[in-house]
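Asks:
Numbering (full-length UniProt numbering), first residue to last: 1 to 286.
#1: Do residue 246 and residue 223 come within 7 Å of each other at the CB atom, strictly closer than that value?
#2: At what residues does the beta strand (DSSP E) containing residue 182 begin and finish?
#3: Kindly indicate which residue of 112, 200, 214 has the alpha-carbon position closest to the one of residue 248.
#4: Relative to the C-alpha of residue 199, which candidate in 85, 68, 131 has its C-alpha closest?
#5: Going by the beta-carbon positions, is the gap between residue 196 and residue 163 smaller than 7 Å?
#6: Which residues mark the beginning and the end of the beta strand (DSSP E) in which residue 240 is found?
#7: State yes or no: is the C-beta of residue 122 within less than 7 Å of the C-beta of residue 239?
#8: Taking the alpha carbon of residue 174 as the reference point, which residue from 184, 148, 139 has its own alpha carbon closest?
#9: Taking the CB atoms as reference points, tell me whether residue 166 and residue 159 lie closer together than 7 Å.
#10: Expressed to the nearest angstrom, what Euclidean distance is found between the alpha-carbon atoms of residue 217 and residue 153?
#11: Under a Cβ-count criterion, where at least 16 other Cβ atoms within 10 Å of its own Cβ denotes burial, should residue 94 be classed as buried or exposed?
#12: Less than 8 Å between the CB atoms is what I'm expecting for residue 243 and residue 107, so what's the real figure, rounded?
#13: Exposed or buried, what is residue 219 when buried is set at 16 or more other beta-carbons lying within 10 Å of its beta-carbon?
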């Protein structure tokens, strides 16, 4: 059910820096330098750096790109989702283990004021972050082909190079314990050095009002962080923060089990997808 679709977004490129000169260009360069440290030693530096950059970027985006009010709203929602998610992930205390798979994949959880229970998947993947980023971002609409927990992912609107609005439909769980859910989400991607941040949260969009027969659930803040393993840069430390309100009358014990299992299943489906991609590339090379 509900899986990894919930965290995806597009790649990033700063077009508005090309034509800047003088102090304004220097200011951008300085901001980029600060954000490159996101891939640095630890999460404690993330929050202040991302927040500082967010407020500056918002005003600069409006001035340089000429986005309309609706587009600006989506851009700011994406930035807000990223800030909140990083703030949650930076707090190392208070996490409780939900499940640990035989291969070491781990799901933890904690209860937060005003948000409720959030889940965190921590796994090591035998893939370079760039390959995972390409699959999860560049091929996002293909997720239903390899993840049985996803029925459909559709991009409703792109705003700039790093923000999009998506519609995702999840499959029902076995025995239809939890029926299909759909989500309308704003997605924001930030790529700093070799580390990728893919954040998101629920939003509204005129192209996708609530659908009859499908419960409109809410998610966010959510975030996937992909960082190269220090011992082997061709492996990725993969962290997925999941925060979802499924809506409907579902016992909390069932929700907890479903969401933690969803994260473990996603890691396995993603591994299989990436292995299949490698096999296809090798076959084409022969």
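For glycine and all other residues, C-beta sits at the position ideal for the given N, C-alpha and C.
Replies: In short, the structure shows the following:
#1: no
#2: 181-192
#3: 214
#4: The closest CA to that of residue 199, considering only 85, 68, 131, is found on 85.
#5: no
#6: 236-242
#7: yes
#8: 148
#9: For the 7 Å CB-CB criterion, residue 166 and residue 159 do not form a contact.
#10: 15 Å
#11: exposed
#12: Taking a contact as a CB-CB distance under 8 Å, the pair residue 243 and residue 107 does not count as one, their CB atoms being some 13 Å apart.
#13: The residue in question, residue 219, is buried, as its Cβ has 16 or more Cβ neighbours within 10 Å.
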